[in-house]
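Working notes, beginning with the structure itself.
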Amino acid sequence: MQICVKKLAALNPPHRQLRFIFYHAEAQTKFLLQPIEPDTCVSLIKQCRTFRSLQSVHTSMLKSHLHLNLFFSTNLIAQYASLGSMSHAYTLFSTFQSNDVFLWNVMIQGFVDNGLYYRSMLLYSQMRELGIQPDNFTFPFVLKACGCVKDVKFGVIVHGNVMEFGYVSDVYVGNSLISMYGKCERLDTSRLVFDKMPQKNIVSWSSMIGAYAQNGHYKEGVSLFSEMLGEGITPNRAVILNVMACVNTGNEADDICRVVIDNGLDFDRSVQNAAMVMYARCGRIDIARRFFDGILEKDLVSWASMIEAYAQADLSLEALKLFKQMILQIILLDSVILLSVIRACSNLASFQHARCVHGIITRRFYKNQIALETSLIDLYVKCGSLVYARKYFDKMQERNIVSWSTLISGYGIHGNGREALYLFDQMKASIKPDHVAFLSVLSACSHGGLIVEGWECFNSMSRDFQVTPRPEHYACMVDLLGRAGRLNEACDFIERMPTRPDAGVWGALLGACRIHLNVELAEVAAKYLFELDAGNPGRYVLLSNIYSSSGKRNDADRVRALMKRRGVRKIAGHTIIEIENKVYTFVAGDQSNPQTNLIYTELEKMINRIREVGYVPDLNFVLHDVEEEMKEKMLNVHSEKLAIVFGLLNTRPDSVIRIKKNLRVCGDCHTATKFISKVTEREIIVRDAHRFHHFKEGACSCGDYW
DNA sequence: GTAGGGTTAG
């Protein structure tokens, strides 16, 4: 203390005050202070880095009555806001009852910066009611708030005020309008504002490109970027980040990278991170990885982006490998990374990894806790453990619409429609269901064959909850009716749709036609699908299967030829199984597993065993144009069967076998699995692209509507 | 004192 005082004495008076406050305010010292000099007041306020030091300054301002000065107090309010203390800021603001627009702006900005968007909009309304004229600073703040909460109605009113008070040509205001309309999905209006701006700057271009990116109009975004370059404007990092979000082909990505290098932005870390994401989106995960490796000082976003890229690309083992590396290098984890890790585990259907992530999450509190907990519930669902999902859900401190829908859809995909409906009713008591919640419950009804209940849910959507059914909901209903064999009803339903049926709707009908073998309707659905969803191999395969199951071999060949002509390639099927913390992958006819010989010997024995109890191979599930005997051989080596046999060989006899197929489980494998569960007395859980199948004692939970 | 940007649960 002695030394401090000596040092302080050597300084000139204003500086002395400053230092004094910092030594003592930070140390929570109560004894304060000589009155503050007016000429140091603002600089004192602005240098406060903690709430406590600011409070000390505030106290001494009170002593010297400087708080009565509007200008000083406005600065004080701004500093409280920037330190996140909006309650203090607002109390001070309220005492003034001033009409000063600067003061109001500071307050509105404070709310926006602290994420309290509605408060800032409310304050703006109050300001208008009091007749205080907003200025060119007011609009950017309040427009940002409108954009962040997507309140376009409010935004339009503010836009009206912008015109009323003559700020349409202000470039800051214009840019804010572009951004607001972009966030509110009013792209055309954004563009209108952009085109009408008397003056544009780099931010105008950047905002417009960003608006295209956010609304999925990627081509327009990229072409506006070229236009900008054509005008001779030098891009900065924000423009680059925005345009990178628009790029989805490798060539475009390469072009952008050249521009990045030309402008010396290639060592900017956020640009490097964005480049990673861009290449991953273009399907060039290898290049993304090279970018990642090239980043010298990786930050959390770098790690999160790469892990998420792997998870998205279903390269989940790579994602987890990277996560392990990351834990070894830096201790700090955040919720975003964990969300990606959970996605990776979910792809792998890895129960062991789920337990591990669960441990990490409960060890400490993360921001966005509810999101983490919800995705953990989803993870347990996807690992086949409804019990754990439910347990965790019941323990949650706080639940929202997302957590409820996650669990509801969980029961649905596990075929427990009744429980899903029960939960949905419980949820409705406290939360208004949204369109996703309805989707969860409708699909639960569909998987569980609950037709009456499904209709009731669908009808209640707009009637009781003002949720307008979207194409997905219609698709779900078609699925519900179709699975139940009510194909005509499904067709009527499609005809009565207020909007044009999309690929999802026709796909649901085609799927139903597969179950109930209706060639005529399948052809109608396929006709639309081959236009609307021409690149989706699953559609061709389904129709071809329908033909061959109906004995129309020539037609089946024709579909396969069409597929080939259009260059649509079948997605290779694979099945994974996790045993003792390791994930094993099988493709059809796989020979890469060390136990290959054993697996095939055992498989042959198993096929013979189940044949004895009634299994008949369903050769319609082989697409290849080969002899019958060959077909059967091809069926027998499907990845599902290999994985199950591998599981039987390597797990305890009393344990559950869990496998995951990347596509829909093949019909013949479905039948075979039923028989296998019977002869081995094992429970087998199969997760496929749509749902779960629980096989037990020769039956499947899905009631054979796979 | 103002506007644009990289990872984020169903």
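The first sequence runs contiguously to residue 706 in full-length UniProt numbering. By construction, the Cβ of each residue, glycine as well, lies at the ideal position given by its N, Cα and C atoms.
On the three-state DSSP scale, how would you describe Arg687?
As a first step, residue 687 must be located in the first sequence, where it is residue number 687. Three-state DSSP puts Arg687 in a strand.
Using the three-state DSSP reduction, which class does Lys153 fall into: helix, strand or coil?
In the first sequence, counting from the first residue as 1, residue 153 sits at position 153. Helix, per DSSP.
For Glu640, the first and last residue of its enclosing alpha helix (DSSP H)
Start at 1 with the first residue of the first sequence, and residue 640 comes out as number 640. Glu640 -> alpha helix (DSSP H) spans Ser639 to Asn650.
What do you reckon, are the CB atoms on Ile209 and Asn242 nearer than 8 Å?
The residue you call residue 209 lines up with position 209 of the first sequence. The residue you call residue 242 lines up with position 242 of the first sequence. Yes. Within cutoff.
Going by DSSP, what residue range makes up the beta strand (DSSP E) through Phe231?
Here residue 231 refers to the residue found at position 231 of the first sequence. Phe is not the amino acid found at residue 231; the sequence shown has Glu there. That residue, Glu231, is in no beta strand (DSSP E); it is neither H nor E in DSSP.
Since Glu628 sits in a beta bridge, which residues does DSSP pair it with?
Against the first sequence, residue 628 aligns to sequence position 628. For Glu628, which the question treats as bridged, DSSP gives no partner whatsoever.
Nearest-angstrom Cα distance between Asp704 and Leu480?
For this step, residue 704 is matched to residue 704 along the first sequence. For this step, residue 480 is matched to residue 480 along the first sequence. So the alpha carbons of these two residues sit roughly 14 Å apart.
Helix, strand or coil at Val324 according to DSSP, with G and I counted as helix
Position 324 of the first sequence, counting from 1, holds the residue named residue 324. As written in the sequence, residue 324 is Lys, which differs from the Val given in the question. Here Lys324 sits in helix by DSSP.
In three-state terms, what does DSSP make of Tyr584?
For the purposes of this step, residue 584 is identified with residue 584 of the first sequence, where counting begins at 1. DSSP places Tyr584 in strand when its eight states are reduced to three.
I need the DSSP call for Lys382, collapsed to helix, strand or coil.
If you number the first sequence from 1, residue 382 lands on position 382. Lys382 falls in the helix class under three-state DSSP.
Residues in the same chain with beta-carbon distance under 8 Å from Ile599, minus the five sequence neighbours each way, listed in chain order, please.
Here residue 599 refers to the residue found at position 599 when the first sequence is read from its first residue. Cβ within range, chain order: Asn593, Leu642, Val645, Phe646 and Leu649.
May I have the straight-line CA-CA distance separating Leu487 from Leu372, to the nearest angstrom?
Here the question's residue 487 lines up with position 487 in the first sequence. Here the question's residue 372 lines up with position 372 in the first sequence. When rounded, the distance between both Cα atoms is 41 Å.
6 Å CB neighbourhood of Val336 in its chain, flanking five on each side removed
On the first sequence, residue 336 is found 336 positions in, with the first residue counted as 1. Counting only Cβ-Cβ distances below 6 Å, and skipping sequence neighbours, we find Ala304.
Tell me, to the nearest whole angstrom, how far the beta carbon of Arg514 is from that of Leu542; I am working on the premise that it is less than 8 Å.
Counting from one through the first sequence, the residue named residue 514 turns up at place 514. Counting from one through the first sequence, the residue named residue 542 turns up at place 542. At roughly 6 Å, the Cβ-Cβ gap stays under 8 Å, so Arg514 and Leu542 are in contact.
Quick one: what does DSSP say Glu26 is sitting in, helix, strand or coil?
Walking along the first sequence from the start, residue 26 turns up at place 26. Residue placement at Glu26 is flagged as unreliable, the pLDDT there being 45, under the threshold of 50; a coordinate-derived value is accordingly withheld.
If the criterion is Cβ atoms closer than 8 Å, does the pair Gly384 and Gly415 meet it?
To locate residue 384, count along the first sequence from 1; it is residue 384. To locate residue 415, count along the first sequence from 1; it is residue 415. No, these two residues do not count as a Cβ contact at 8 Å.
Roughly how many whole angstroms lie between the Cα atoms of Ile202 and Val259?
Locating residue 202 in the first sequence gives position 202, counting from the first residue. Locating residue 259 in the first sequence gives position 259, counting from the first residue. About 16 Å.
Among Ala444, Lys395 and His435, which one has its Cα closest to the Cα of Gln419?
Within the first sequence, the letter at position 419 stands for residue 419. Checking the sequence shown, residue 419 turns out to be Glu, not Gln. Residue Ala444 is the option with its Cα nearest to Glu419.
Hey, Phe695 and Val686: beta-carbon distance below 8 Å or not?
To locate residue 695, count along the first sequence from 1; it is residue 695. To locate residue 686, count along the first sequence from 1; it is residue 686. Closer than 8 Å, so yes.
What does DSSP give as the partner residues of Lys696 in its beta bridges?
Numbered from its first residue, the first sequence carries residue 696 at position 696. Ala699, per the DSSP bridge assignment.
Contacting residues, own chain, Cβ-Cβ under 6 Å from Ala475 (five flanking each side not counted):
One-based indexing of the first sequence puts residue 475 at position 475. Here the set comprises Gly504, Val505 and Ala508.
How big is the Cα-Cα spacing for Met306 and Val478?
In the first sequence, counting from the first residue as 1, residue 306 sits at position 306. In the first sequence, counting from the first residue as 1, residue 478 sits at position 478. Straight-line Cα distance between these residues: approximately 38 Å.
Assuming Gln214 contacts Gly182 under a Cβ cut-off of 8 Å, what Cβ separation, rounded to an integer in Å, is found between them?
Your numbering for residue 214 matches position 214 in the first sequence. Your numbering for residue 182 matches position 182 in the first sequence. Contact holds; Cβ gap of about 6 Å.
Can you tell me whether Glu453 is buried or exposed? The criterion is at least 16 other CB atoms within 10 Å of its CB, across all chains shown.
The residue labelled residue 453 in the question sits at position 453 within the first sequence. So Glu453 counts as buried.
Residue range of the beta strand (DSSP E) that includes Glu578
Taking the first residue of the first sequence as 1, we reach residue 578 at position 578. That run of the beta strand (DSSP E) goes His574 to Ile579.
Contact check, Val158 vs Leu143 under 8 Å by CB: the rounded distance?
As a first step, residue 158 is located in the first sequence; it is residue number 158 there, counting from the start. As a first step, residue 143 is located in the first sequence; it is residue number 143 there, counting from the start. With a Cβ gap of about 6 Å, Val158 and Leu143 count as contacting.
How long is the line joining the alpha carbons of Gly166 and Leu348, rounded to whole angstroms?
The residue given as residue 166 occupies position 166 in the first sequence. The residue given as residue 348 occupies position 348 in the first sequence. Near 58 Å, if we compare the C-alpha coordinates of Leu348 and Gly166.
Looking only at DSSP bridge pairs, what is Arg682 linked to?
Taking the first residue of the first sequence as 1, we reach residue 682 at position 682. Beta-bridge pairing links Arg682 to no other residue.
What residue from Val357, Ser548, His353 and Ala389 has the CA that sits closest to Leu333's CA?
Locating residue 333 in the first sequence gives position 333, where the first residue counts as 1. The candidate whose alpha carbon is nearest that of Leu333 is Val357.
Per DSSP, what kind of secondary structure is Arg560 in: helix, strand or coil?
Position 560 of the first sequence holds residue 560. If DSSP states are grouped into helix, strand and coil, Arg560 belongs with the helices.
I'd like the list of long-range same chain contacts for Ala672, defined as Cβ closer than 7 Å, with 5 residues on each side in sequence excluded.
Taking the first residue of the first sequence as 1, we reach residue 672 at position 672. Around Ala672: Ile610, Tyr615 and Lys641.
Can you list the alpha helix (DSSP H) stretches of 4 or more residues lying completely in the region 402-432, in chain order?
417-428
Do you know how far the Cα of Val436 is from the Cα of Leu517?
Residue mapping note: residue 517 aligns to position 517 of the first sequence, counting from 1. Residue mapping note: residue 436 aligns to position 436 of the first sequence, counting from 1. Each residue's Cα considered, the two are about 31 Å apart.
For Lys391, count neighbouring Cβ atoms within 10 angstroms of its own Cβ and tell me buried if that reaches 16, exposed if not.
For the purposes of this step, residue 391 is identified with residue 391 of the first sequence, where counting begins at 1. Classification of Lys391: exposed, given that the 10 Å Cβ count is below 16.
With 16 other Cβ atoms within 10 Å as the buried cut-off, status of Ala556:
Counted from its first residue, the first sequence places residue 556 at position 556. So Ala556 counts as buried.
Endpoints, the alpha helix (DSSP H) within which Ile45 is located:
By one-based count along the first sequence, residue 45 stands at place 45. Residues Pro38 to Gln47.
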